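K.L.:
Could you have a look at this structure, given as structure tokens, before my questions?
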Amino acid sequence: MSLEELHAGKILIVHQGALGDFILTLPAIMALREFLQPVWLEIMGHPWILQLVEGRYYADGIRDVNRAEIAPFFHEGAQLPEKMCGYFQKFDAAFVFGKGVAFERNLQRAGVKRVFLLSPYPEGKRHMIEHHICSLRALGIPSTPAPPRVFLQEEDRSWAKQFLRQRGWEQDGIIALHPGAGSSKKVWPPERFASVGRALAEDGWRLVIIQGPADEQVVQEMLGELNGIPHLVLRDLPLIKLGALLSCTSIFIGNDSGISHLAASLGVTTVTLFGPTDPEVWAPRGEKAFWLRGQADCSPCSLQQRNRCKRPRCMEGIEVKDLMELLVEIIKISRERAVSLSKRLSHHSMGGMSLSQH
1 MSLEELHAGK ILIVHQGALG DFILTLPAIM ALREFLQPVW LEIMGHPWIL QLVEGRYYAD
61 GIRDVNRAEI APFFHEGAQL PEKMCGYFQK FDAAFVFGKG VAFERNLQRA GVKRVFLLSP
121 YPEGKRHMIE HHICSLRALG IPSTPAPPRV FLQEEDRSWA KQFLRQRGWE QDGIIALHPG
181 AGSSKKVWPP ERFASVGRAL AEDGWRLVII QGPADEQVVQ EMLGELNGIP HLVLRDLPLI
241 KLGALLSCTS IFIGNDSGIS HLAASLGVTT VTLFGPTDPE VWAPRGEKAF WLRGQADCSP
301 CSLQQRNRCK RPRCMEGIEV KDLMELLVEI IKISRERAVS LSKRLSHHSM GGMSLSQH
């Protein structure tokens, strides 16, 4: 079956990676949807991540990759459950982001007409988005690198505005801070996050602190250094709810984590702090996505080196003043854009609308 014959067919995409990895595949998934124009596109992965795309342009349906009946498909020569073979048979093609050769073969055994195995990682310093796009081009699928986009629905935005109103918060002038990360080696010292938070609060900004399931310790350390400054902590929210609230913020500051990618994909001005990982490969992409990288002769490092690292000098290499200088410049640019937009709106008889943060 040629690629042309896959047009208007049923397509399955399989992605088992973490949040940031998945968001970096969105431009490729968008390219697949636009080129193949499937009658049905389903994504198999982690449901807590896939809620971001189900019924929101990318996916018509989702499937939990962690279900017990799917496990045999990852083992060479395994006996495949008849029910799941029937499920897979309905797809004309499957695009698998991963190195699972056994999974590829078992999908073929189950009756998927075409299976495309796409390497999850690039060689050298090619950014992940370019890597995925190049993989599609190699298959003959025209693709152009673009920043990832997560699409919110109006009900998401309405929920977020109501959430803030119920807590006495207006939408303007909010900065979100996420001091956690999937690895402790990628965490900027919490006391430095607190120093930045105090400086921003003194300048009139309101602080939202994001805490995920693995972030309790660093968040508590940061809060202990805020010295009573008013703030709002968002704990363990579903991603679509968190995304809706992030869309209400003016700036997001975080470590190299999936939440930083989420913020950037929503068009929020995002500053990501890098140490052991390479921003040339992993940085969030977007018109308003910025990053800072700590300097250390061992950075970037391999996963094995990172696991042996007792003290991430790369993260400690980012000083509070470095981040504050970048934020001052970003805020200045944002205000200049807001003033310019306000003048254009006034020119079109829409005066009286305040667009500045303060």
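To convert, note that position 243 of the sequence shown is 243 in the numbering used here; the numbers rise steadily by one, no gaps. From the three backbone atoms N, C-alpha and C, an ideal C-beta is built for every residue, glycine too. Note that the structure is a prediction, hence the values are computed from the model and not measured.
1. Per DSSP, residue 101 forms a beta bridge with which residues?
2. For residue 63, write down the residues that DSSP places opposite it in a beta bridge.
3. Look up residue 235 in the DSSP assignment and give the residues it is bridged to.
4. So for residue 283, helix, strand or coil by DSSP?
5. Would residue 26 pass as a contact of residue 184 if the rule is Cβ separation under 8 Å?
6. What first and last residue would you give for the alpha helix (DSSP H) that runs through residue 371?
7. What first and last residue would you give for the alpha helix (DSSP H) that runs through residue 182?
8. Is the beta carbon of residue 93 closer than 8 Å to that of residue 73?
9. Are there 16 or more other CB atoms within 10 angstroms of the CB of residue 361, so buried, or fewer, so exposed?
10. Using the DSSP secondary-structure output, state which residues sit across from residue 169 in a beta bridge.
11. Starting from residue 126, trace the alpha helix (DSSP H) in both directions and tell me its first and last residue.
12. Using 8 Å as the Cβ pair cut-off and three pairs as the minimum, do the region 4-18 and the region 36-53 touch?
13. Can you check which of these residues, 212, 286 and 313, is closest to residue 239 by C-alpha distance?
14. Give the secondary structure of residue 15 by DSSP, where H, G and I count as helix, E and B as strand, and everything else as coil.
15. Are residue 245 and residue 234 touching if we call contact CB-CB under 8 Å?
16. Quick check: what's the CA-CA separation for residue 289 versus residue 111?
17. Please report the distance separating the alpha-carbon of residue 337 from that of residue 164.
18. Taking residue 117 as part of the beta strand (DSSP E), name the residues at either end of that continuous run.
19. Name, in chain order, the residues that DSSP records as bridge partners for residue 328.
20. Between which two residues does the alpha helix (DSSP H) carrying residue 259 extend?
21. Can you name the start and end residues of the alpha helix (DSSP H) that residue 271 belongs to?
22. Inspect the CB distances between the region 280-297 and the region 141-154 and report whether three or more fall short of 8 Å.
23. Quick check on residue 227: buried or exposed, where buried means 16 or more other Cβ atoms within 10 Å of its Cβ?
24. How would you write the range of the alpha helix (DSSP H) that residue 308 sits in, first residue to last?
25. Using alpha carbons as the reference points, say which of 191, 175, 192 and 319 lies closest to residue 330.
26. Please determine, among 292, 229 and 231, the residue with the shortest C-alpha to C-alpha distance to residue 260.
27. Exposed or buried, residue 307, counting other C-beta atoms within 10 Å across all chains shown (16 or more means buried)?
28. Less than 8 Å between the C-beta atoms of residue 215 and residue 179, yes or no?
29. Quick one: using the 10 Å Cβ neighbour count with 16 as the cut-off for buried, is residue 58 buried or exposed?
30. Checking 8 Å against the spacing of the C-beta atoms, do residue 192 and residue 229 come in under that value?
31. Using DSSP's beta-bridge definition, name the partner residues of residue 68.
32. What are the boundary residues of the alpha helix (DSSP H) that residue 88 is part of?
33. On the DSSP letters alone, give me the boundaries of the beta strand (DSSP E) that residue 224 sits inside.
34. Is it right to say residue 258 is buried, meaning 16 or more other beta carbons lie within 10 angstroms of its own, or is it exposed?
35. Please report the distance separating the alpha-carbon of residue 113 from that of residue 129.
36. Who are the Cβ neighbours of residue 379 in its own chain at under 7 Å, not counting the five residues just before and after it?
P.N.:
Quick answer:
1. According to the DSSP secondary-structure assignment, residue 101 is paired through a beta bridge with no residue.
2. Checking the DSSP bridge columns, you'll see residue 63 partnered with 44.
3. By DSSP's assignment, residue 235 forms a beta bridge with 211.
4. In this structure, residue 283 counts as coil in the three-state DSSP scheme.
5. Result no, Cβ atoms of residue 26 and residue 184 do not sit closer than 8 Å.
6. Given that the chain is displayed from residue 1 to residue 358, the structure contains no residue 371 and the question cannot be resolved.
7. Looking at the DSSP string, residue 182 is not in any alpha helix (DSSP H), and its letter there is neither H nor E.
8. Result no, Cβ atoms of residue 73 and residue 93 do not sit closer than 8 Å.
9. Given a span of 1 to 358 for the chain in the structure shown, any question on residue 361 remains unanswerable.
10. None, per the DSSP bridge assignment.
11. Element bounds for residue 126: n/a, residue is neither H nor E.
12. Output reads yes: the region 36-53 touches the region 4-18.
13. Proximity to residue 239 across 212, 286 and 313 peaks at 212, based on C-alpha coordinates.
14. The answer is strand: DSSP assigns residue 15 an E or B state.
15. Contact flag set, yes.
16. About 42 Å.
17. Straight-line Cα distance between these residues: approximately 25 Å.
18. Looking at the DSSP string, the run of the beta strand (DSSP E) that includes residue 117 is 114-118.
19. Paired residues: none, contrary to the question.
20. Counting along the chain, the unbroken alpha helix (DSSP H) around residue 259 starts and ends at 258-265.
21. No alpha helix (DSSP H) contains residue 271, which is instead part of the beta strand (DSSP E) from 269-274.
22. Between the region 280-297 and the region 141-154 there are three or more C-beta pairs closer than 8 Å, enough to call the two in contact.
23. With fewer than 16 other Cβ atoms within 10 Å, it is exposed.
24. For residue 308, the enclosing alpha helix (DSSP H) has its first and last residue at 303-308.
25. Taking residue 330 as reference, the option from 191, 175, 192 and 319 with the minimal CA-CA separation is 175.
26. Per the Cα distances, 292.
27. That one is exposed.
28. One thing to note: residue 215 has its Cβ within 8 Å of the Cβ of residue 179.
29. Buried, by the Cβ-count rule.
30. The answer is no: Cβ separation not under 8 Å.
31. Paired residues: none, contrary to the question.
32. It spans 82-89 - the alpha helix (DSSP H) in which residue 88 sits, taken as one unbroken run.
33. For residue 224, no beta strand (DSSP E) run applies; the uninterrupted alpha helix (DSSP H) run containing it begins and ends at 216-224, by DSSP.
34. For residue 258, the number of other beta carbons within 10 angstroms of its own is at least 16, and it is reported as buried.
35. Cα-Cα distance, rounded: 27 Å.
36. Only positions 1 to 358 of the chain appear in the structure, and residue 379 is not among them; the question remains open.
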